[in-house]
Amino acid sequence: MKKRVHLIVRTAVAALLLPAGISGGFAQDNFTPNGIADVRQNAFAFTHANIYQPDGSYLSNATLLIREGRIVEVGSGIDVSAGYFEVDLGNRYIYPGFVDIYTQYGIPTLEREVRTSGAENLFSADQALNVNDAIRSNFRASTAFSPEAEAREKFRKLGFSAVLGLRADGIARGTSALITLGDERANESIIVPDAAAHYSLAKGTSTQSMPSSLMGSFALLRQTYLDASWFTAQEPRPFTDDTLEAWTAYQSLPQIMEVSNWQQALKADKIGDEFDAQYILKVSGDSYKRADLIADTGASLIVPIDFPDAPKVDDVIEADDVSLVDLKHWELAPFNPRVLIENEISFAITSSDADEDFLSNLRKAVTNGLSSQSAIDSITRIPAELLGVESLVGQLIPDAYANFVIASGDLFEADSLLLENWIRGKKHVIASDFENRDGNYQLVLDDRSYDIELVFESGLPSAKILLADDETRAVTIELTNDLISFSFAEDDSGNRSRLNGWPVDEGWTGNGRSASGEMMAWQLNRVAAAVENPVDADVETDVPDLPSSISLPFVAHGRESVPQQQDLLIKGATVWTNDDIGTLLADVLVRDGKIAEVGQDLSASNVVEIDGSGKHLTPGIIDEHSHIALFNINEIVTNSSMVRMKDVVDSESINIYRNLAGGVTAAQLLHGSSNPIGGQSAIIKMRWGLPPEQLLIEGADEFIKFALGENVKRSRNDESVRYPQTRMGVEQVFVNAFSQAREYDRRWDEYNSLSRSQQRSTTAPRRDLVHETMLEILNSERYVTSHSYVQSEINMLINVADSFDFNINTFTHILEGYKVADKMAQHGAGGSTFSDWWGYKWEASQAIPYNAAIMQQAGVVVAINSDDAEMSRRLNQEAAKSVKYGGMSEVDALKQVTINPAILLHLDDRMGSITLGKDADLVLWSDHPLSIYAVAETTWIEGTPYYDRQQDMLMREQIAIERARIIAAIGNEGNED
Amino acid sequence: MNLLQKMKATRIIFLSLACYLIASFSMSSAIVPLPAADQTDPIAITGAVIHVGDGEVIADGVITFTDGIITAIGSANDNIDLRNHLVIDIQGQHVYPGFVLPNTTLGLNEVSASRATQDNEEYGDINASVRAAIAYNTDSEIISTHRFNGILTAQVTPQGGLVAGSSTLMKLDGWNWEDAALRTDDGMHLNWPPMQVRRRNPQTFEFETQENEEYAGAVQILHSLFQSAQAYTGERLNLNLQAMQPLFDGSAKLYLHANEAKAIISAVRFARSYPIAGVVVVGGREALMVKDLLLAEDIPVLYEAVHNLPGMAWRDIDEPYKMPFLLTQAGLKIGLSGGATGMIQRQRNLPFLAGTAAAYGLDQETALMLITKNNAEILGVDNRIGTLEVGKDATLFVSTGDALDMRTSQILGAYIQGRDIDLFGTQQQLYERFRDKYSNQVE
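As given, the protein sequences belong to chains H and F, one line each in that order. Position 89 of the first sequence, counted from 1, bears residue number 89 in the working numbering, the numbering being contiguous throughout. Position 14 of the second sequence, counted from 1, bears residue number 1014 in the working numbering, the numbering being contiguous throughout.
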């Protein structure tokens, strides 16, 4: 066991030392060839070349010397001494061989087992590995690597000579190997066996139920950091787990984290910060959307250039199903690399997903403003530096591997070709120079002559005879460097003349047979070069504008800039203050985002004055129970108190804007109800256009979701095997979780009470994020909002809380709250309920729409919540139903969606009423706010008009115009092809 | 009057009438309301704001009905003969025709999550022969919650598969399904197969849309069925084909359940390739995209997605809200149905779908038509219900205020074919029980 640890550590360290300790003679000495020894120096001198330098400049008329697979010297004025075979490149270009540090080359993938059962898969495979199958940190790509000729050839054709091979499977994916793409055997192909350690947020082929969500992935990452450091701090180890060994051992390698959008990138980087890891982020091509924030992470990126295909818009009905995001992304994605450079972000480019479009997409990025130097560096020097192997690959410097490509011209001129890819001093032909021979030719054949056009597509030649009146006749042609063979019909008979030959300076010559079988001589003489696509010679200076703005957020109804806070005077509206002043015709003054004054006939200078006459002004609506603006809702394990909804806030969700349009200014984003102990809440304001972190309400108290009843006992899944399956078990889940947390607390207390020297000789308890969260509840540092239905379970949870000496803050849904409202009031719990949902589950059979009114009557603080992205934008109407059902006063009814949820979220000191000093979260309604005819005209958050109906009307037109413009552009591009 | 005075005044009226009603509730037991007895005396409701259901409003109106049939309607000035009538002066409250709820599983499905209570979906793709009527449970506790909001007639409809079976229009009062039926087997329900399906990728936790590979096959199954049905002579008895014959003689309608534009086109073209006179699109979320086809074919739409989110982020935020207006403006005949809001327990909010339509473009009486006159016409029962006209059923209710707005909707009394039905359901019983419990505690 101990031995194994050291083995891994040594391997990792060896990998790090390798770049510095290179010398020649790397051949595998213990390998016996089938034949006689054939050792060669492979010493070449490439002369008269334009050579790309690490600093981005070109050495012209320069020489590159290589020997034994390494670079010996690079420079101008080098004498080519004996022992080198000279290759005169005649002003062709040499670039470092390309390096792709995000491939799965040569590494076998795992198959995902298809599970047909609906039973939860609660445990990892019974192996001495991690408790979670998505943690595969012990995997070493080098141990699974086997060269794949076909894939290798594809990479070579694209100009790559070294790639990082990883197994993109799991949340911890183990190490990748740096592999050169020559014909060497596997032992020699791997030049760094453990080059980087890899992570992601996707569980891959693991069929274990946990994680079932993005926040579960984040939580698993956090806990594994803690587990690994606890585990490897102990001698002897408390048990056997190779994944934790490896996790710790490979922390010193470059840490590469794959994410699938910019929001994940920001969050993943923060998790890295929590554990002193700076990830290299393998991003998707959307970083341009918030490049400023990506830059703030300080992370280097690995960026794909798989620019999206044009969305299908020919069919007008299908076009309507294409999002504005996809339309804009099609336009803007090719500008991504350039935007990243403008934001001073360091990145490598990977060919992954772009595949054969790699070079053309890279050229497109350059056309769109990426400097050619940045483009080259991103596929040579920078990826090498990110792995710390820049002395081995990625630069043309002495002692580095002799990995380079020869191009017919500057790489970013459209007609330049990659001709040869040299890998470890061995040549691999990509294309032949004869491709430069495209053009118009005259074929002289005995006494006859024909005009012939020769073109190349994907390296393959095609030719035709040009006749009068734009008619043509097909020519069958085959070409190699040395041979030409072609045939065609000289007349309409279809009988073909067949010709063979060899190249000469400006064409080809040879012999052949006519259709009637007579021998003849022929010459094919070039008369004109092919008509070339005009190449913009000034691409680097002539930077095009972005085709459209990068709106905030990057979704329809986003804006070019986020609205600004205003000082306001709203005059003459019916003001629902929700405080002692009551509901009255009044003026409201807002300064610095706060309510500055409520009164009659107010006047103020330097304010935006708003005519509220005939309208109603209310506090912003607060939704105590929402799941909008989240990437995922439910984690599966019985107790997922460690997951944080804050990790998965989606600031680009259109439902934020739609909520604003319904007068909603704040919401608690809750974990779902799939388990008794859910996750930690995110409490947000609907600051449309700001990134996730800035949606969170500063300094808000922390909450957690609990759930009871049918959902948590998996009533709709007959195959479920997860504890609990009854309400009896649900109680025990809580009792157990709190008891365990207390026990955990005691262990830490014991440890903390030891002297420093005693602590050194004692293993600290394992930090456990589940227990720590439960402890926060017991310590009143976190408050519970519990999904609940029937009276028995409500009563139960009150009793559990009492026995552990804390309070349930809020019962949510609480459909039978009316049956135990007196107990709730006595306990001090609030009720956040639906207005009139009922009957959809057995436990909702006795839900009644009078619930809110009765609970209120019994002294419970009552809120009406949505739990639904659509209903949340009509919460005022849902509150109104308490007037219909139970005769609640209109003022009290409105309080259920304003001040009362603020009380339940401990935010009533700054929200929920139009009271001096409180946040100016306000809604101006066209009509009585409880009426179905009321429409929110303007919604302010802290004096900032995040929604305005008039502006929305303009936005509708702008969206239509923008869509039409991009769809037209897609159509035009289609016509060009 | 200022706002507060208004509120007080409203509440006083409400309380006084509520007292009257609760007195009559005291007869109720702890099971679903007793079906009402037939009308004995002629009844006249006076002092009413009468919403006829066809767009007309009669201020200070009078309506009389005898033996369950409306005998007169007009204003106080029309000197309607009130002799021998039980006269109820409702002092400016509102009278509405009973709302009509299409496409519902009311009475077929008690608890959505409980399999034993589900009788809404038979096994298999083709179930032309199954009939919702016979599974309709008059003792469902959901029914009274609908009556409480003015919904007095419902099209009880089977779900699932490609051909789900026949629906029946039910009066929401009756001892058993035979009594309750207003029009039996009014139509056959066809669910147009989806062209695309959405699946969650278990590795990335994200949803992905894929083409439905079974689409073409499903359409072929439908054609094969309808071709056989059209040619059916009764030789070699086939219950499914037999059940479809009313489609061809015009005695039953074909309800095409389709939401996407292409699905609507395909479904309508499918229906029009057979000699079926009565065709209705149910769902119709993207009907506006294909309005000219629906206009040309004279096909009405039962629109369901009012309280929905817009289909795409780029769509107007109030697109679903204003869709009834846009469809009406386009010249289509539109009714509203609550199906797309999901669970049947929410369909009691049908009037508020019309209210939303009124908030976003339609005038209130036109919005009201969508759930009265239009629904009745589309469902083929406008000879009996849907508007308040002489000779039609006295299926109507009284509300203190605008019944399309939850703020003002307070249904005080309701009649189905003149029977004075009990609005006091299980939910009201539970309300009183616990209200009283805490009231007693306070005192």
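C-beta atoms are modelled at their ideal positions from N, C-alpha and C, and glycine is treated no differently.
Item, Value
"Beta-carbon spacing of LEU670 of chain H, LYS705 of chain H below 8 Å", "yes"
"Proximal residues to PRO724 of chain H (C-beta, below 8 Å), its chain only, five neighbours per side dropped", "THR638, PRO676, VAL712, LYS713, VAL730, GLN732, VAL733"
"Stretch-stretch touch, CB-based, cutoff 8 Å, three pairs: the region 1204-1216 of chain F with the region 1167-1186 of chain F", "no"
"Contacting positions in the region 1111-1123 of chain F - beta carbon closer than 7 Å to chain H", "VAL1111, SER1112, ALA1113, SER1114"
"Below-8 Å beta-carbon distance, ILE22 of chain H vs any chain F residue", "Because ILE22 of chain H carries a pLDDT of 42, less than 50, the predicted location of this residue cannot be relied on, and no value is offered for it."
"Selected residue, minimal CA-CA separation from ASN807 of chain H, among H:ILE794, H:TYR818, H:LYS819", "H:ILE794"
"Backbone secondary structure at ASN50 of chain H - three-state DSSP", "strand"
"Of the listed residues F:TYR1096, F:SER1140, F:VAL1398, F:PHE1248, nearest to GLY1187 of chain F (C-alpha basis)", "F:PHE1248"
"Spatial distance of MET1170 of chain F from PRO1351 of chain F (CA atoms)", "18 Å"
"THR1046 of chain F - partner residues in DSSP beta bridges", "F:ASP1089"
"Through-space distance from ASN1137 of chain F to THR1251 of chain F, alpha-carbon basis", "Here residue 1251 of chain F turns out to be Ser, not Thr, going by the sequence shown. Cα to Cα, SER1251 of chain F sits roughly 25 Å from ASN1137 of chain F."
"Residues that LYS1262 of chain F contacts on chain H, provided the C-beta gap is smaller than 7 Å", "ILE317"
"Identified DSSP bridge partners for ASP1420 of chain F", "F:TYR1415"
"Assigned exposure category for THR939 of chain H - 16 Cβ within 10 Å defines buried", "buried"
"CB contact below 8 Å: MET53 of chain H versus chain F", "The question names Met, but residue 53 of chain H in the sequence shown is Gln. Output row for GLN53 of chain H: interface = no."
"GLY558 of chain H versus H:TRP330, H:TYR95, H:GLN951, residue with shortest Cα-Cα distance", "H:GLN951"
"Spatial neighbours of ASP611 of chain H in its chain, beta-carbon cut-off 8 Å, leaving aside the 5 residues before and after", "LYS571, GLY572"
"SER603 of chain H to LEU568 of chain H span [Cα, whole Å]", "10 Å"
"For ALA1113 of chain F and GLU120 of chain H, believed in contact at Cβ under 8 Å, the rounded distance", "Contact doesn't hold; Cβ gap of about 19 Å is too wide."
"Simplified DSSP state of GLN846 of chain H, which is helix, strand or coil", "coil"
"Cutoff 7 Å; reference GLN846 of chain H; Cβ partners in own chain excluding five residues on either side", "GLU816"
"Of the listed residues H:HIS198, H:SER209, H:ALA195, nearest to SER720 of chain H (C-alpha basis)", "H:SER209"
"Cα-Cα separation between THR109 of chain H and GLU1122 of chain F, rounded to whole angstroms", "43 Å"
"Rounded separation between ASP1139 of chain F and ALA1164 of chain F - CA only", "23 Å"
"Neighbour flag for ILE1317 of chain F against chain H, beta carbons, 8 Å", "yes"
"Residues near GLN1245 of chain F in its chain [Cβ-Cβ closer than 8 Å; skip 5 each side]", "ALA1229, TYR1232"
"Three-state secondary structure assigned by DSSP to SER913 of chain H", "coil"
"Proximity test, Cβ basis, 8 Å: VAL733 of chain H and chain F", "no"
"Whole alpha helix (DSSP H) elements within the region 1159-1239 of chain F, 4-residue minimum", "1177-1180, 1215-1230"
"Closer than 7 Å at the beta carbon, the chain H residues around LEU1430 of chain F", "GLN846, ILE848"
"Expected contact under 8 Å - CB spacing of LEU1388 of chain F and ILE1050 of chain F to nearest Å", "6 Å"
"ARG140 of chain H, DSSP secondary structure in three states", "strand"
"Nonlocal neighbours in the same chain, by C-beta distance under 6 Å from ILE970 of chain H, ignoring five residues either side", "ALA310, VAL313"
"DSSP-derived helix/strand/coil call for LEU1430 of chain F", "helix"
"Range of the contiguous alpha helix (DSSP H) that encloses ILE430 of chain H", "Counting along the chain, ILE430 of chain H falls outside any alpha helix (DSSP H), and DSSP gives it neither H nor E."
"Contacts of THR1204 of chain F in chain H (Cβ-Cβ under 8 Å)", "ALA202, SER260"
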